[in-house]
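Student: First residue of the sequence shown? That's 2 in our numbering, and the numbers climb one at a time after it.
Glycine included, each C-beta is placed from N, C-alpha and C at the ideal position.
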Amino acid sequence: SPKDLTGYIVEEKSLDRDTFKVEVQCADTHTGKAKASECTKNLGTYSVSGCAKKIQCASPKSDHYLVTEQNTVAQTFDVAVACARGYEGKAVATACSKTGQQYQLSGCKYST
Numbered sequence: 002s003p004k005d006l007t008g009y010i011v012e013e014k015s016l017d018r019d020t021f022k023v024e025v026q027c028a029d030t031h032t033g034k035a036k037a038s039e040c041t042k043n044l045g046t047y048s049v050s051g052c053a054k055k056i057q058c059a060s061p062k063s064d065h066y067l068v069t070e071q072n073t074v075a076q077t078f079d080v081a082v083a084c085a086r087g088y089e090g091k092a093v094a095t096a097c098s099k100t101g102q103q104y105q106l107s108g109c110k111y112s113t
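1) Evaluate contact between the segment 64-82 and the segment 39-50, counting only Cβ atoms and requiring at least three cross-stretch pairs below 8 Å.
2) On the three-state DSSP scale, how would you describe residue 76?
3) Whole-angstrom Cβ separation of residue 59 and residue 103, contact assumed at under 8 Å?
4) Kindly indicate the opening and closing residues of the beta strand (DSSP E) around residue 65.
5) Can you give the beta carbon distance from residue 80 to residue 56, rounded, assuming they're within the 8 Å contact cut?
6) Could you give the DSSP three-state label for residue 20: helix, strand or coil?
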């Protein structure tokens, strides 16, 4: 087994090179498409890849936008946004780059 399996849930079915079967998925704290790759030499270590720690964005406060949050994890970010009454433009929500940062809202301005 690899030394560091942080972010992975692993079930080793067979570690023989001829019948290698390791089932792997990302842990709840991680996101991505997990993959296990067999070792390249006898008595080697298989590897896991594909999972990254989730980046959790914080919600900003704004009266200028109507926001519907489906998912505030940056890698799978899904936030619908529109301009609030009295504002106009093309509303955009942009994911954060670090856990705890607020995601950005932009594109709406006061309508005169």
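Tutor: So, to answer that:
1) no
2) helix
3) At roughly 5 Å, the Cβ-Cβ gap stays under 8 Å, so residue 59 and residue 103 are in contact.
4) That residue, residue 65, is in no beta strand (DSSP E); it is neither H nor E in DSSP.
5) No, residue 80 and residue 56 are not in contact; Cβ-Cβ is about 14 Å, not under 8 Å.
6) Three-state DSSP puts residue 20 in a helix.
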